[in-house]
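First comes the structure, then the notes that go with it.
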Amino acid sequence: MNLDCYLVPSEATESVVAGKTVVIVDVLRTCTTIAFALMNGAERVIPAATVEAATKLMSSLDRGSTLLCGETEGKKVKGFDLGNSPLEYVRDVVEKKTLVFASTNGTKLMARGASAREQLICSFVNIQKVVENVRPDGPELIVVASGMNDRFSLEDAVCAGMVVAKLNELSAGAWELNDGAHAAMALFEKLGKNIRRMLLDSAHGRYLVSIGFASDVETSSRVDSVPVLPVLKEGRITLAGNSES
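When the sequence shown is numbered by my numbering, its final residue is 1577 and no position is left out of the sequence of numbers.
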């Protein structure tokens, strides 16, 4: 089976992902935050491509059971309930809630991948759960790095490379890798020994530290600390095994 990795999000066009299983990687911070939210009892996350789309959708939902969440340029949108810090998504706040979520990079990519068979939400904190649910005899697999402002980002490329490396090892090389997958795996082999250091050295990590989110970078570096598998199907993200996923 083919395992294709795209390190610039614009390469993962609608026609490329149509009907396939897609692993969405956004380490800082959307996929990390979604994993935290669902681990702490949120019922579902509805990703929106833009802040405007999220606000419009929110107007049609029950305000008592729904939270409006997201960021622009890393900071919580004025008037939103929550931003994009995983540490905000504690059980007392999100349990049994629907979250409408818009972010600069990750949710935009999720919306672009609407034609996929399913999208698996991945970051370092839940990477093993993602890998365990992908098999070389399953559907063709695509791994997409969300990047930063539609450009390459180091942390997502290294995480994508970790996905590829783990899958390649588990399958004893059964996957057919494209050039992007080979490149991502090489980056992981070079930089993956110290995830925390790599995140702090990345442009996105440095930016988050500069605006007061150093603790988010630290949290996002903890491999397999949130062992859940969020799955996006038909516009809703739920935990794997839930009736909606």
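In this text, a Cβ means the ideal position worked out from N, Cα and C, and glycines have one as well.
Integer-rounded CB distance, given that residue j should sit under 8 angstroms from residue i
i: E1487; j: L1339; result: So it is not a contact: roughly 12 angstroms between Cβ atoms.
i: V1466; j: C1454; result: Not really, about 10 angstroms apart at Cβ, beyond 8 angstroms.
i: V1383; j: A1434; result: 5 angstroms
i: S1552; j: L1531; result: 6 angstroms
i: I1543; j: G1406; result: 6 angstroms
Status (buried if at least 16 other CB within 10 Å, exposed otherwise) for residue i
i: V1422; result: exposed
i: P1559; result: exposed
i: F1484; result: exposed
i: A1448; result: buried
i: G1438; result: buried
i: A1350; result: exposed
i: K1428; result: exposed
i: G1479; result: buried
i: A1380; result: buried
Span separating the alpha-carbon of residue i from that of residue j
i: M1626; j: K1498; result: Past the edges of the chain, shown from 1333 to 1577, lies residue 1626, and the structure says nothing about it.
i: Y1539; j: F1456; result: 19 angstroms
i: E1521; j: A1489; result: 11 angstroms
i: Q1451; j: G1402; result: 20 angstroms
i: V1496; j: E1550; result: 23 angstroms
i: L1519; j: R1529; result: 14 angstroms
i: W1507; j: E1343; result: 20 angstroms
i: M1390; j: S1397; result: 11 angstroms
i: G1583; j: M1494; result: In the structure as shown, the chain begins at 1333 and stops at 1577. Residue 1583 is therefore absent and cannot be evaluated.
i: D1482; j: A1504; result: 33 angstroms
i: T1345; j: K1565; result: 17 angstroms
i: T1570; j: V1555; result: 21 angstroms
i: M1333; j: A1516; result: 18 angstroms
i: A1386; j: N1526; result: 36 angstroms
i: E1501; j: T1436; result: 33 angstroms
i: K1388; j: V1425; result: 22 angstroms
i: S1347; j: I1356; result: 16 angstroms
i: D1548; j: C1363; result: 12 angstroms
i: V1563; j: P1341; result: 19 angstroms
i: V1432; j: A1446; result: 16 angstroms
Residue from the options whose Cα sits closest to the Cα of residue i
i: S1392; options: E1405, I1378 and F1520; result: I1378
i: N1416; options: T1365, R1568, L1509 and I1527; result: T1365
i: L1561; options: S1552, A1492, A1572 and G1567; result: A1572
i: N1574; options: T1353, V1355 and E1375; result: E1375
i: Q1460; options: A1434, L1431 and A1492; result: A1492
i: C1337; options: D1394, A1546 and A1513; result: A1513
i: D1413; options: S1553, L1399, V1432 and K1407; result: L1399
i: S1557; options: D1358, L1531 and F1368; result: F1368
i: N1510; options: M1442, E1472 and L1431; result: E1472
i: T1430; options: R1395, F1545 and K1407; result: R1395
i: R1666; options: G1470, N1458, D1469 and A1477; result: Lying outside 1333 to 1577, the shown extent of the chain, residue 1666 is not represented and no answer is given.
i: G1537; options: P1341, D1358, V1475 and L1441; result: D1358
i: L1335; options: P1418, P1468 and A1446; result: P1468
i: L1419; options: A1546, V1563 and G1567; result: A1546
i: K1352; options: G1567, I1474 and L1441; result: I1474
i: G1567; options: A1535, G1373, M1442 and V1541; result: M1442
Closer than 9 angstroms to chain C by CB, residue i
i: A1367; result: Given the protein chain composition of this structure (a single chain), no chain C is represented.
task = Please list the segments of the beta strand (DSSP E) lying wholly inside the region 1471-1514, counting only runs of 3 or more residues, in order along the chain.
result = For the region 1471-1514, whole beta strand (DSSP E) runs of length 3 or above, ordered along the chain, are 1473-1477.
Runs of beta strand (DSSP E) wholly within the region 1363-1428 (minimum 3 residues, chain order) = Complete beta strand (DSSP E) runs here, min 3: 1376-1380 and 1398-1404.
request  = Can you check the region 1427-1466 for any beta strand (DSSP E) of at least 3 residues that lies completely inside it and give the ranges in chain order?
outcome  = 1430-1434 and 1450-1454
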